[in-house]
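A.B. asks:
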Amino acid sequence: MFEPSAMQTVEVLSLVCAIGLAAGKIRVMGISLGVAFVFFIGILAGHLGLAVNPQMLDYAQSFGLILFVYCLGLSVGPGFFGSLAHEGLSLNMWGLAVILLGTVMAVALCPLTGISLPDMAGLLCGATTNTPALGAAQQTLAQMSLPQSGAALGCAVTYPLGVVGVILAILVLRKLLVKPADLKPSHDSDENETFIARFNVVNPALRGKNIAEIASMTHFRFIISRIWRNNEVIVPKSVTTLQQNDRLMVVTKKDEVDALEILFGQRLQQEDWNRDEIDWNALDTKMESKVVVLTRPMLNGKQLGNLHVRQTYRVNISRITRGDITLLATPDLRLQYGDRLHIVGDPKSVDAVEAFFGNSVKSLNEPNLAAVFIGIILGLALGAVPLNLPGMSIPVKMGIAGGPIVVGILVGAFGPRFHLITYTTRSASLMLRKLGLSLYLACLGLDSGAHFFETVVRPEGLLWVGVGFLLTIVPVLLVGAVALRMHKFDFGTICGILCGSMANPMALAYANDTLDGDSASVSYATVYPLGMFLRVIIIQVMLMFLL
């Protein structure tokens, strides 16, 4: 046996990750474990006696966890607070019910089963497939000078059924309680995105009024990108006066189209203007429509209205695509590095504004890693801040799991306001998250694998598996059943809530494969960030208060 060294640690971790990621692609009955299989390969490697350098293992495990949770927070940050302002609050309340019910069950089962609270914390983390919460629990136990091995073993024992338990619960709910009407999505996934329509101005009340005056007459928001007047095509300004029988190309929200039809008088429905394959430049020869990418750093975080683009360059910005979402180009919208702006104007003006915004697509291929490392530093600093809560003798810390995810969300949401470039390509973001999670799971498996099988075969090991399965399936079944009975959400939305509150992307993949629409993904993305953060905090509070 070779003496453990840094090089051997890298080799073992790479081998575990490679085998685990490859095996995770195998699908059994339509279900695959994905990156979670790295954890089980790590357990097997630890059981077979592969020794690694303990300090290197601790470093890789901590760095992997930090990288994963920070990049996760960074990716969900831009839409996090916006989702809370709409239906997100209601969705997160249901997710909170799942979390609290599972936590109360875990505490209540301690005296009934004789399982110690540190071990039960590990069972709860494994049952909810929440590895950041396990990292927080281990940090709390270390601060209290208590052993951490039981929590890690508990997570390892209950994690497999935690993965499949949510899927089983979804199957039971669908079989026993779901009606055909519940399977139809209750809302469009793009309800907050833009919608393009054409209107004919026939409302006599608009005669002699300019666009600014008309906009002040209603609380609905819209952008007029072009006006056809007789044989002339006009790029309108706020002072442009509308005339009878003007034909308008309007960008608005889908649920506001009917109201704008009343405002303008008539909607022209000859063609669907929201198809991807429309050639906008074929509409007229005098106007050019172009998508320009914002790559000029000094414009990051600026409000669109403060740039006076329409007055300076005589062009219209109708909408802005950010990631997978298309936003209405309102004056109060803050621009972000990497935004794709849809611009309409004469060719010379469009060329001029293109230079103003940068439009250097090549620069987008280089992620701003400095922002990632700065965010990690701030996240670790926040995680080290002691929080004194009433009734607790030891201050609570967010630790390496809680601090970085909070800072990631804040930086992703508000970074552009401070001119911090947080843009990264989707592939780079996914790679960083998967790399971090793979490292963490491999280290976690290696650390707990040495005693995993001997723990499972003991009587208390079987007890742990049973308790973990209850902690997984009971909260999901109860909350899911109540939500279905109240008929507030469609089944896809409920599945997303359950998967997000249990931090279970594998169950989400199953829901997406078996349900129409993407309501499950929408609710999952809304619930997952807050749910993960709350589990990180609640697991620490549980240990601090009750130990």
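Taking our numbering, the leading residue of the sequence shown gets 37, the next gets one more, and so forth. Cβ atoms here follow ideal geometry from the backbone N, Cα and C, with glycine treated the same way.
1. Taking the alpha carbon of N166 as the point to measure from, which residue in L583, I575, G60, I259 has its own alpha carbon closest?
2. With 16 other CB atoms within 10 Å as the buried threshold, where does L101 fall?
3. Beta-carbon within less than 8 Å of S474's beta-carbon, same chain only, minus the 5 sequence neighbours each way: which residues are those?
4. By a C-beta neighbour count over all protein chains shown, 10 Å radius and 16 as the cutoff for buried, is H255 buried or exposed?
5. Where does the unbroken beta strand (DSSP E) through E249 begin, and where does it stop?
6. Decide yes or no for the touch test of the region 169 to 185 against the region 512 to 532: beta carbon pairs closer than 8 Å, at least 3 of them.
7. Return helix, strand or coil for V572, following the three-state DSSP convention.
8. By Cβ distance below 6 Å, which residues in the same chain neighbour G124 in space, the five residues on each side in sequence not counted?
9. Quick one: what's got a C-beta closer than 6 Å to A59's C-beta in the same chain, skipping five residues either side?
10. Measure the beta-carbon distance from L544 to G532 and round it to whole angstroms, keeping in mind my assumption that it falls under 8 Å.
11. Just mark P183 as buried or exposed, buried being the case when its beta carbon has 16 or more other beta carbons within 10 Å.
12. Within this structure, are the beta carbons of L400 and V329 separated by less than 8 Å?
13. So what does W264 bridge to, in DSSP terms?
14. Inspect the CB distances between the region 511 to 521 and the region 127 to 142 and report whether three or more fall short of 8 Å.
15. Across the region 295 to 303 and the region 326 to 342, are there enough close Cβ pairs to call them in contact, namely three or more that are closer than 8 Å?
16. For the beta strand (DSSP E) containing H378, list its first residue and its last residue.
17. Taking C-alpha atoms, which residue in L84, G109, R63, L80 lies nearest to A449?
18. What are the start and end residues of the alpha helix (DSSP H) that includes A205?
19. Taking the straight line between their C-alpha atoms, what separation do you get for N267 and A464?
20. For the region 450 to 458 against the region 407 to 414, do three or more pairs of beta-carbon atoms, one drawn from each stretch, fall closer than 8 Å, so that the two count as touching?
21. Can you tell which of V397, T45, P511 has its C-alpha closest to the C-alpha of T461?
22. According to the neighbour-count rule (16 or more other Cβ atoms, all chains shown, within 10 Å of its Cβ), is R243 buried or exposed?
23. Can you list, in chain order, the residues of its chain with a C-beta nearer than 7 Å to that of L468? Leave out the 5 residues immediately preceding and following it.
24. Going by beta-carbon coordinates alone, are G186 and L160 separated by less than 8 Å?
25. Just verifying my parser: in three-state terms, what is the DSSP assignment at V238?
26. Using the beta-carbon count (16 or more within 10 Å), is K433 buried or exposed?
27. Since S181 is in the beta strand (DSSP E), which residue starts that stretch and which ends it?
28. Excluding the 5 residues flanking F231 on each side, which residues of the same chain have their C-beta closer than 7 Å to its C-beta?
29. On the DSSP bridge list, what partners appear for V328?
30. Pull up the distance between the alpha-carbon of F393 and that of F117, whole angstroms please.
31. Looking at the structure shown, is T165 part of a helix, part of a strand, or coil, going by DSSP?
32. What does the Cβ neighbour count give for H378, buried or exposed, with the cut at 16 atoms within 10 Å?
33. Using a Cβ distance threshold of 8 Å, determine whether the region 233 to 247 contacts the region 315 to 329, with at least three qualifying pairs required.
34. Per DSSP, what kind of secondary structure is N424 in: helix, strand or coil?
35. Report the three-state DSSP secondary structure of I356 (helix, strand or coil).
36. Once you ignore the five residues that flank G162 on each side, which residues in its own chain have a CB closer than 8 Å to its CB?
C.D. replies: In brief:
1. Mapped onto the sequence shown, residue 166 falls at position 130. Distance check between N166 and each of L583, I575, G60, I259 places I575 closest, using alpha-carbon atoms only.
2. For the purposes of this step, residue 101 is taken as the residue at position 65 of the sequence shown. Counting C-beta atoms within 10 angstroms of its own C-beta, L101 has 16 or more neighbours from the protein chains shown and is therefore classed as buried.
3. On the sequence shown, residue 474 is found 438 positions in, with the first residue counted as 1. Hits under 8 Å: C53, G56, L57, V71, V74, G100.
4. Within the sequence shown, residue 255 is the residue found at index 219, counting from 1. Counting Cβ neighbours within 10 Å, H255 comes out exposed, since fewer than 16 surround it.
5. Translated into positions along the sequence shown, residue 249 becomes position 213. Element bounds for E249: not the beta strand (DSSP E) but the alpha helix (DSSP H), 247 to 252.
6. Touching, no.
7. Translated into positions along the sequence shown, residue 572 becomes position 536. Here V572 sits in helix by DSSP.
8. Start at 1 with the first residue of the sequence shown, and residue 124 comes out as number 88. Within the same chain, G124 has close Cβ partners T562.
9. Taking the sequence shown and counting its residues from 1, one reaches residue 59 at position 23. Excluding positions up to five away in sequence, the list reads F73.
10. Position 508 of the sequence shown holds residue 544. Position 496 of the sequence shown holds residue 532. Correct: roughly 7 Å between the Cβ atoms.
11. As a position in the sequence shown, residue 183 is number 147, starting the count at 1. Exposed is the call here.
12. For the purposes of this step, residue 400 is identified with residue 364 of the sequence shown, where counting begins at 1. For the purposes of this step, residue 329 is identified with residue 293 of the sequence shown, where counting begins at 1. Cβ atoms of L400 and V329: closer than 8 Å.
13. Position 228 of the sequence shown holds residue 264. V269, R283.
14. yes
15. Counting Cβ pairs under 8 Å, fewer than three are found: no touch.
16. Residue mapping note: residue 378 aligns to position 342 of the sequence shown, counting from 1. H378 -> beta strand (DSSP E) spans 376 to 381.
17. By one-based count along the sequence shown, residue 449 stands at place 413. When only C-alpha atoms are compared, the closest one is G109.
18. In the sequence shown, the residue the question calls residue 205 occupies position 169. It spans 185 to 212 - the alpha helix (DSSP H) in which A205 sits, taken as one unbroken run.
19. Along the sequence shown, read from residue 1 onward, the residue named residue 267 stands at position 231. Along the sequence shown, read from residue 1 onward, the residue named residue 464 stands at position 428. Rounded to whole angstroms, N267 and A464 show a C-alpha spacing of 48 Å.
20. Touching, yes.
21. The residue you call residue 461 lines up with position 425 of the sequence shown. The candidate whose alpha carbon is nearest that of T461 is V397.
22. For this step, residue 243 is matched to residue 207 along the sequence shown. Burial check for R243: the Cβ neighbour count within 10 Å stays below 16, so the residue is exposed.
23. Here residue 468 refers to the residue found at position 432 when the sequence shown is read from its first residue. These residues qualify, in order along the chain: L103, C107.
24. Along the sequence shown, read from residue 1 onward, the residue named residue 186 stands at position 150. Along the sequence shown, read from residue 1 onward, the residue named residue 160 stands at position 124. Not closer than 8 Å, so no.
25. What you label residue 238 is simply residue 202 of the sequence shown in a count that begins at 1. DSSP places V238 in coil when its eight states are reduced to three.
26. For the purposes of this step, residue 433 is taken as residue 397 along the sequence shown, with counting starting at 1. By the 10 Å Cβ count, K433 comes out buried.
27. Reading the sequence shown from its first residue, position 145 is the one you call residue 181. Following the DSSP letters along the chain, one finds S181 in no beta strand (DSSP E), marked with neither H nor E.
28. Numbered from its first residue, the sequence shown carries residue 231 at position 195. T288, K289, K290, V293, N310, listed in sequence order.
29. Here residue 328 is taken as the residue at index 292 of the sequence shown, counted from 1. Paired residues: L377.
30. Within the sequence shown, residue 393 is the residue found at index 357, counting from 1. Within the sequence shown, residue 117 is the residue found at index 81, counting from 1. In a straight line, the C-alpha of F393 is about 27 Å away from that of F117.
31. By one-based count along the sequence shown, residue 165 stands at place 129. Note: T165 maps to coil in three-state DSSP.
32. Here the question's residue 378 lines up with position 342 in the sequence shown. With 16 or more Cβ atoms within 10 Å of its Cβ, H378 is classed as buried.
33. no
34. Translated into positions along the sequence shown, residue 424 becomes position 388. Three-state DSSP puts N424 in coil, outside helix and strand.
35. For the purposes of this step, residue 356 is taken as the residue at position 320 of the sequence shown. The answer is strand: DSSP assigns I356 an E or B state.
36. Indexing the sequence shown from 1 puts residue 162 at position 126. Excluding the 5 residues flanking it on each side, G162 has same chain C-beta neighbours closer than 8 Å at L170, G190, C191, A192, V193, T194, Y195, G198, G504, in chain order.
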